[in-house]
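Novice: What follows is a single structure, and I will ask about it in a moment.
Number of protein chains: 4
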Amino acid sequence: WDDAYLTNLANHSLDSVVERIRTADKVGLFTTEEEGPDAVARALVKRRIDYFTAYVCENLGARNERVTRGALDEIAAQEFDPLNVMILVRAGDAPDRPRDASVRSLFGNPDETFVQSKPKHGLLTVAEVRAVALAQMALGPRSVVWDVGAGSGSVSVEAALLAPVGQVFAIEQDAEDAELIRENAERFGAANVTPVIGRAPEVWAELADPDAVFMEGSGREIVRLAELAFARLKPGGRLVCSIASIEALHEVRSGLVALTSDVNVWMLNVSRGTDQLQRLRFDALNPAFLIAATKR
Amino acid sequence: WDDAYLTNLANHSLDSVVERIRTADKVGLFTTEEEGPDAVARALVKRRIDYFTAYVCENLGARNERVTRGALDEIAAQEFDPLNVMILVRAGDAPDRPRDASVRSLFGNPDETFVQSKPKHGLLTVAEVRAVALAQMALGPRSVVWDVGAGSGSVSVEAALLAPVGQVFAIEQDAEDAELIRENAERFGAANVTPVIGRAPEVWAELADPDAVFMEGSGREIVRLAELAFARLKPGGRLVCSIASIEALHEVRSGLVALTSDVNVWMLNVSRGTDQLQRLRFDALNPAFLIAATKR
Amino acid sequence: WDDAYLTNLANHSLDSVVERIRTADKVGLFTTEEEGPDAVARALVKRRIDYFTAYVCENLGARNERVTRGALDEIAAQEFDPLNVMILVRAGDAPDRPRDASVRSLFGNPDETFVQSKPKHGLLTVAEVRAVALAQMALGPRSVVWDVGAGSGSVSVEAALLAPVGQVFAIEQDAEDAELIRENAERFGAANVTPVIGRAPEVWAELADPDAVFMEGSGREIVRLAELAFARLKPGGRLVCSIASIEALHEVRSGLVALTSDVNVWMLNVSRGTDQLQRLRFDALNPAFLIAATKR
Amino acid sequence: WDDAYLTNLANHSLDSVVERIRTADKVGLFTTEEEGPDAVARALVKRRIDYFTAYVCENLGARNERVTRGALDEIAAQEFDPLNVMILVRAGDAPDRPRDASVRSLFGNPDETFVQSKPKHGLLTVAEVRAVALAQMALGPRSVVWDVGAGSGSVSVEAALLAPVGQVFAIEQDAEDAELIRENAERFGAANVTPVIGRAPEVWAELADPDAVFMEGSGREIVRLAELAFARLKPGGRLVCSIASIEALHEVRSGLVALTSDVNVWMLNVSRGTDQLQRLRFDALNPAFLIAATKR
Chain Z
29 WDDAYLTNLA NHSLDSVVER IRTADKVGLF TTEEEGPDAV ARALVKRRID
79 YFTAYVCENL GARNERVTRG ALDEIAAQEF DPLNVMILVR AGDAPDRPRD
129 ASVRSLFGNP DETFVQSKPK HGLLTVAEVR AVALAQMALG PRSVVWDVGA
179 GSGSVSVEAA LLAPVGQVFA IEQDAEDAEL IRENAERFGA ANVTPVIGRA
229 PEVWAELADP DAVFMEGSGR EIVRLAELAF ARLKPGGRLV CSIASIEALH
279 EVRSGLVALT SDVNVWMLNV SRGTDQLQRL RFDALNPAFL IAATKR
Chain A
29 WDDAYLTNLA NHSLDSVVER IRTADKVGLF TTEEEGPDAV ARALVKRRID
79 YFTAYVCENL GARNERVTRG ALDEIAAQEF DPLNVMILVR AGDAPDRPRD
129 ASVRSLFGNP DETFVQSKPK HGLLTVAEVR AVALAQMALG PRSVVWDVGA
179 GSGSVSVEAA LLAPVGQVFA IEQDAEDAEL IRENAERFGA ANVTPVIGRA
229 PEVWAELADP DAVFMEGSGR EIVRLAELAF ARLKPGGRLV CSIASIEALH
279 EVRSGLVALT SDVNVWMLNV SRGTDQLQRL RFDALNPAFL IAATKR
Chain L
29 WDDAYLTNLA NHSLDSVVER IRTADKVGLF TTEEEGPDAV ARALVKRRID
79 YFTAYVCENL GARNERVTRG ALDEIAAQEF DPLNVMILVR AGDAPDRPRD
129 ASVRSLFGNP DETFVQSKPK HGLLTVAEVR AVALAQMALG PRSVVWDVGA
179 GSGSVSVEAA LLAPVGQVFA IEQDAEDAEL IRENAERFGA ANVTPVIGRA
229 PEVWAELADP DAVFMEGSGR EIVRLAELAF ARLKPGGRLV CSIASIEALH
279 EVRSGLVALT SDVNVWMLNV SRGTDQLQRL RFDALNPAFL IAATKR
Chain Y
29 WDDAYLTNLA NHSLDSVVER IRTADKVGLF TTEEEGPDAV ARALVKRRID
79 YFTAYVCENL GARNERVTRG ALDEIAAQEF DPLNVMILVR AGDAPDRPRD
129 ASVRSLFGNP DETFVQSKPK HGLLTVAEVR AVALAQMALG PRSVVWDVGA
179 GSGSVSVEAA LLAPVGQVFA IEQDAEDAEL IRENAERFGA ANVTPVIGRA
229 PEVWAELADP DAVFMEGSGR EIVRLAELAF ARLKPGGRLV CSIASIEALH
279 EVRSGLVALT SDVNVWMLNV SRGTDQLQRL RFDALNPAFL IAATKR
């Protein structure tokens, strides 16, 4: 047992365990009746952690002792007696990340990587602004994150990649968007994203206090939501808002300045290069404003 | 032994082990004669991983069996017999990240968080541009990174945080800057940054092929270095250049377009909000150009 | 004869005379056989200088002496004996400028004020950039201007308004665009715009040396044209180029730096406010680069 | 008397006359006792209109008839009997503009062309923004302009050049700035700038209603002043505000939107090229916001 990760599903949630498996070399885990080796294998494959060889050891020491060896997708399709030990051994050339070519980075992935509801496309926080916003959210591996008005979930998904053993609540009142969020989380192997369907702030009541909150908006509502979310932040937590209108910029900032002395604002004018007849021009994206506030 | 990380220093480098300890709940590790419990404790404290209670078990089963319990800084100051087992138990309220207040995020930390050589200050890739550049570097936990012309090491340090079990080579010909790099890596607890003092590309000869390369410049040299570094990239690897001059932008892009069809360019105009008499104005940073290329 | 402008069409071109009439209070002018009072009245009305009462005095002192009083459009429709004196008296409330509401300013008029060939719309130098470009062209009232690749003539027309007794050559190889130029010149009452149909630089041969040259482009040709046009500039003259590609920016600038030490460059990132639900957002225009060079 | 400008100082102010002389070929003018030929010559020289040969005809037809010929600076230094006729003949190579090399253009002249009070330098509306603001002021030759909070007068001076027979009131409460305004008006030969020392809006009471108003600011006061100035605008007149703070942008715009449906907003991010080791970089100026409103 050398450089191994050992755990017991009786005491730890499958979700938290799966992310630790991602970078481990060897894993030993006691499965449960509810979450047997096949369930573990499915959860791993779903997140594209498919580079382990699995050994399932049933009834060790008993007469019906049996060891099954297989790739994870093979194990996922089989049934096992309860109370096994499952051992995973990393393949020599295993990558650290999902192999889906579209998923390039932990954050700032190209907008088109995400499934989007087309008519709202223009409202999306674009990749470059998302990268800066996520930097300001200051996530740690275990952060609890609220993405308020998550839309298609691009911020939620990348926050989840940056906080692999944390929890990201993608709060969205539009049930169709919630479906997009699930699809994007699946595509990026971000199992720690939980879509929460309902209106803010009512649906916040049952959520754990966040280490970081992201929201986007330009109307009157964001002002109220920003202050309410700030109140729920853990000490040291960060609220980051992406804003397009001057009025919301002023109002949200004023509201936050009254609550903390640590408020910062950015304007980002991003242009993307395009090739026209082998010459480089720039296409401008609309200006974006970011506000970040720290709770003391 | 439930949800534990087990490893053996006889087979694994202290550096790679330490980063895995950071987020573990319990750790069991066999130490070696060269790297005993005190050395491990020092390495952890140096990276500000100071939230474990340590148990050192010497000569288990022998007459001179002894178990020592202590905080890591206490263990760091003691001497032990060789061949121990060291057990670490995470404190209930342990944070995921260094407690140094200045270190906020895995990336995009404020420029002033880094120790800098003042006269060169203007050359630094600013925080917002760094966040986008690191997004484009598409780092995974085990990435090998070259930061060519690392300066004070801000990109190196944040790359190291994003690739905690990877390796970052901060290549810099100025030995004084190498000292800054060490200081910044220390400040951020980024033990996987290795300063490499010498001229590019000569000093690259001995380095492992990179998954990602970052370089910054505006003169003629960056053109040559970008192409040479691209040649060394692993397949699928990413080269990201931060450039200030129009000429270098054109030349580096032309060089890369000849090598791969996946070249993208950005211009970032960032302004930071400032408060003047309770009113919000903006201070503009100079325009920055980024180029990113993927090796097929 | 108090505060009057007196002139004689036998010695002065109708074009040059008409612009001086625009701001005069009283005008006395000797007409010619070719350009009688009706021709003068038509030329004035065409430029929307329609706020004078005209008196045409035929055969003064002779038996068939006759004085006709009328608005300019009335005079324009009549016939007169040759060799008259024509007197114009400004109406008390006459404006200084054409009354067409769409024509607001001497320069920087909204893009939609100009008739445009739709498919090329994106190539137009936008109003805000045009204002800065015209500032850099440093026009005086008598300037000779070349607008190379004039397109729909927006720069030509505004240059003509700024140089009311100068001459603007709107050089364009596309004959359909030449028609747009005429239409826009007509709309703005800019009679001193002369469309020149043909290829640059061949068609330049017959043109007077310019005080100011404007050109727009991004391909290889603008480099050659910029240098050739600079050679034709009068001493002290100004060349201004609006450029979209990085390559042309570099090449044109390099070419001009070799010819004069007075070369300046700008990048303009303009955003226009839009009202969305009574909140102010910004729509970004693409970045534009300007180069201006002075001939010593 | 061919292509001549004739006028009589008994009926017309010297100021309005001088600007018409600037572009005339020949001028005949009746002087008065108060403003004799020497005063006219001095006024012309002061505006750098020094390219005429003058003939002063005293007591024409009387015994003491005398004709004096000379350059304007010679005439300026002599004394004459009252009631003369003064004749000016333009030199063949006369320029249209002042010969002072620093004065390049009617508008958008480099910031350093203006004498400035150093500590306020940062508040100046920079050349590029000034060009766009003046375009939006939509000046005609006879426009009445208020420059509210004129500072060193850069907007006033250029407005005066664009409205050569109009009147520009440079309103400034700081008497030292009024001196700078005079100096800049002198330097640019803009005689139709009148410094008005005092507080806005009190000092506006005696001023003629404006065709165009410019003001700059970021505090609370600009909101009130913008609305008051808008009320004083002539129908069709234009108010243009240059604003740095988000709050003033919102407040001024809200106030104006309530008064007229024709309100437009711009954000200008200007960068100026700099040469570093023969490579082109950009220095960013701070973002500037412009608001323009038309009175219906």
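Protein chains in written order, with the working numbering: chain Z, 29 to 324; chain A, 29 to 324; chain L, 29 to 324; chain Y, 29 to 324. Ideal placement from N, C-alpha and C gives every residue a C-beta, glycine not left out. These figures come from a predicted structure and were not determined experimentally.
Once you ignore the five residues that flank L256/Z on each side, which residues in its own chain have a CB closer than 7 Å to its CB?
Specialist: Here residue 256/Z refers to the residue found at position 228 of the first sequence. Hits under 7 Å: P229.
Novice: How long is the line joining the alpha carbons of Q164/A and G136/Z, rounded to whole angstroms?
Specialist: In the second sequence, the residue the question calls residue 164/A occupies position 136. In the first sequence, the residue the question calls residue 136/Z occupies position 108. C-alpha separation (whole angstroms): 7 Å.
Novice: R307/A and E275/Y - do their beta-carbons sit closer together than 8 Å?
Specialist: Within the fourth sequence, numbered from 1, the residue matching residue 275/Y stands at position 247. Within the second sequence, numbered from 1, the residue matching residue 307/A stands at position 279. The answer is yes: Cβ separation under 8 Å.
Novice: Determine the direct distance from the alpha carbon of L277/A to that of R127/Z, and round the result to whole angstroms.
Specialist: Sequence index remark: in the first sequence, residue 127/Z carries index 99 (1-based). Sequence index remark: in the second sequence, residue 277/A carries index 249 (1-based). Legend: pLDDT at R127/Z = 45, less than 50; position of this residue unreliable, value from coordinates given subsequently. Using only the alpha carbons, I get a separation of about 31 Å.
Novice: Determine the extent of the alpha helix (DSSP H) in which F258/Y is found, giving its start and end residues.
Specialist: Numbered from its first residue, the fourth sequence carries residue 258/Y at position 230. First-last of the alpha helix (DSSP H) with F258/Y: E249 to R260.
Novice: Is S171/Y close to chain A, meaning its C-beta is less than 8 Å from at least one C-beta of that chain?
Specialist: Taking the first residue of the fourth sequence as 1, we reach residue 171/Y at position 143. By this cut-off, S171/Y is not an interface position.
Novice: Just to make sure I have the definition right: I need the residues of chain L whose C-beta is within less than 8 Å of the C-beta of M295/A. Which are they?
Specialist: The residue you call residue 295/A lines up with position 267 of the second sequence. What M295/A touches in chain L: P315.
Novice: Out of L208/A, A233/A and R215/A, state which residue places its alpha-carbon closest to the alpha-carbon of G223/A.
Specialist: Within the second sequence, residue 223/A is the residue found at index 195, counting from 1. This sequence places Pro at residue 223/A; Gly is not what is there. It is L208/A whose Cα lies nearest to the Cα of P223/A.
Novice: Would V183/Y pass as a contact of F242/Y if the rule is Cβ separation under 8 Å?
Specialist: Here the question's residue 183/Y lines up with position 155 in the fourth sequence. Here the question's residue 242/Y lines up with position 214 in the fourth sequence. Yes, Cβ-Cβ distance for V183/Y and F242/Y is below 8 Å.
Novice: Taking only beta-carbon atoms, is A159/L less than 8 Å away from chain Z?
Specialist: Along the third sequence, read from residue 1 onward, the residue named residue 159/L stands at position 131. Closer than 8 Å: no.
Novice: Would DSSP call K323/L helix, strand or coil?
Specialist: The sequence position of residue 323/L within the third sequence is 295, counting from 1. Note: K323/L maps to coil in three-state DSSP.
Novice: Starting from D237/L and walking both ways along the beta strand (DSSP E), at which residues does that stretch end?
Specialist: Against the third sequence, residue 237/L aligns to sequence position 209. Here D237/L belongs to no beta strand (DSSP E), and DSSP marks it neither H nor E.
Novice: Could you name the residues that DSSP lists as bridge partners for D311/L?
Specialist: Position 283 of the third sequence, counted from the first residue, corresponds to residue 311/L. Partner(s): R300/L.
Novice: Work out the CA separation of L167/Z and L134/Z for me, nearest whole Å.
Specialist: Residue 134/Z sits at position 106 when you count from the first residue of the first sequence. Residue 167/Z sits at position 139 when you count from the first residue of the first sequence. Looking at the two C-alpha atoms, the distance is approximately 12 Å.
Novice: Report the rounded CA-to-CA distance for E95/Z versus H40/A, giving the unit in angstroms.
Specialist: On the first sequence, position 67 is the one that residue 95/Z refers to. On the second sequence, position 12 is the one that residue 40/A refers to. The amino acid at residue 95/Z is misidentified as Glu; the sequence shows Val. Rounded to the nearest angstrom, the two C-alpha atoms are 28 Å apart.
Novice: Just by C-beta distance, which residues in the region 252–283 of chain A are closer than 7 Å to chain L?
Specialist: Cβ contacts with chain L: I274, E275, L277 and H278.
Novice: At the 8 Å Cβ level, is G301/Z part of the contact set with chain A, yes or no?
Specialist: Position 273 of the first sequence, counted from the first residue, corresponds to residue 301/Z. Yes, G301/Z lies at the interface with chain A (some Cβ there is under 8 Å from its Cβ).
Novice: Going by DSSP, name the residue or residues bridged to P7/L.
Specialist: With chain L covering 29 to 324 only, the question about residue 7/L has no answer from this structure.
Novice: Taking 8 Å as the CB-CB limit, is L111/Y close to chain L?
Specialist: The residue given as residue 111/Y occupies position 83 in the fourth sequence. L111/Y does not count as touching chain L.
Novice: Could you confirm whether any beta carbon from chain Z is found closer than 8 Å to the beta carbon of L100/A?
Specialist: Counting from one through the second sequence, the residue named residue 100/A turns up at place 72. Cβ-Cβ to chain Z under 8 Å: no for L100/A.
Novice: What do you reckon, are the CB atoms on D66/Y and E107/Y nearer than 8 Å?
Specialist: Residue numbering aside, residue 66/Y sits at position 38 when the fourth sequence is read from its first letter. Residue numbering aside, residue 107/Y sits at position 79 when the fourth sequence is read from its first letter. In this structure, E107/Y lies closer than 8 Å to D66/Y by Cβ.
Novice: Determine, using beta carbons only, whether G177/A comes closer than 8 Å to chain Y.
Specialist: Position 149 of the second sequence, counted from the first residue, corresponds to residue 177/A. No, its Cβ sits nowhere closer than 8 Å to a Cβ of chain Y.
Novice: Below 8 Å on the Cβ atoms is my contact criterion, and I expect L284/A with I250/A to pass it. Report the Cβ-Cβ distance as a whole number of Å.
Specialist: Locating residue 284/A in the second sequence gives position 256, counting from the first residue. Locating residue 250/A in the second sequence gives position 222, counting from the first residue. With 8 Å as the limit, L284/A and I250/A do not qualify as a contact, their Cβ atoms being about 11 Å apart.
Novice: Taking Cβ-Cβ distances shorter than 8 Å, what residues in chain L pair up with S180/Y?
Specialist: Position 152 of the fourth sequence, counted from the first residue, corresponds to residue 180/Y. By Cβ distance, chain L contributes nothing, its closest Cβ being about 18 Å from S180/Y, past 8 Å.
Novice: What does the alpha-carbon distance come out to for the pair V172/Z and F310/Z?
Specialist: Taking the first residue of the first sequence as 1, we reach residue 172/Z at position 144. Taking the first residue of the first sequence as 1, we reach residue 310/Z at position 282. Approximately 38 Å, taken between the alpha carbons.
Novice: When the cut-off is 8 Å and only beta carbons count, does Q164/Y lie next to chain L?
Specialist: Counting from 1 along the fourth sequence, the entry for residue 164/Y is found at position 136. Answer yes: the Cβ-Cβ gap between Q164/Y and chain L drops below 8 Å somewhere.
Novice: Go ahead and pull the three-state DSSP assignment for P126/A.
Specialist: The count along the second sequence starts at 1 and reaches residue 126/A at position 98. Below a pLDDT of 50, predicted positions are generally treated as unreliable, and P126/A, at 47, falls in that range; the measurement from the model is reported next regardless. The answer is coil: DSSP assigns P126/A none of H, G, I, E or B.
Novice: Under a Cβ-count criterion, where at least 16 other Cβ atoms within 10 Å of its own Cβ denotes burial, should G330/Z be classed as buried or exposed?
Specialist: No statement about residue 330/Z is possible, as the shown extent of chain Z runs from 29 to 324 and does not include it.
Novice: I'd like to know whether the C-beta of A119/Z is nearer than 8 Å to at least one C-beta of chain A.
Specialist: Indexing the first sequence from 1 puts residue 119/Z at position 91. False, the Cβ-Cβ gap to chain A never drops below 8 Å.
Novice: So if DSSP puts P223/Z in a beta bridge, which residue, or which two residues, is it bridged to?
Specialist: Reading the first sequence from its first residue, position 195 is the one you call residue 223/Z. In the DSSP output, where bridge partners are listed per residue, P223/Z has A198/Z.
Novice: Grab me the residues of L37/L's own chain with a C-beta within less than 6 Å of its C-beta, minus the 5 sequence neighbours each way, in chain order.
Specialist: Counted from its first residue, the third sequence places residue 37/L at position 9. Taken in chain order, the residues that qualify are T59, T60 and E63.
Novice: If you follow the alpha helix (DSSP H) that I77/L is in, where does it begin and where does it stop?
Specialist: Your numbering for residue 77/L matches position 49 in the third sequence. Unbroken run through I77/L: none, as it is neither H nor E.
Novice: Is it buried or exposed, Q304/A, if we count other Cβ atoms within 10 angstroms and call 16 or more buried?
Specialist: Here the question's residue 304/A lines up with position 276 in the second sequence. Counting Cβ neighbours within 10 Å, Q304/A comes out exposed, since fewer than 16 surround it.
Novice: Please state if the CB of R158/L and the CB of E200/L are separated by a distance shorter than 8 Å.
Specialist: As a position in the third sequence, residue 200/L is number 172, starting the count at 1. As a position in the third sequence, residue 158/L is number 130, starting the count at 1. Taking 8 Å as the Cβ cut-off, E200/L and R158/L do not qualify as a contacting pair.
Novice: List the residues of chain Z that G247/L touches, going by C-beta distances under 8 Å, in chain order.
Specialist: For the purposes of this step, residue 247/L is identified with residue 219 of the third sequence, where counting begins at 1. Correct list: L305 and R307.
Novice: For L277/L, does the three-state DSSP call read helix, strand or coil?
Specialist: The count along the third sequence starts at 1 and reaches residue 277/L at position 249. If DSSP states are grouped into helix, strand and coil, L277/L belongs with the helices.
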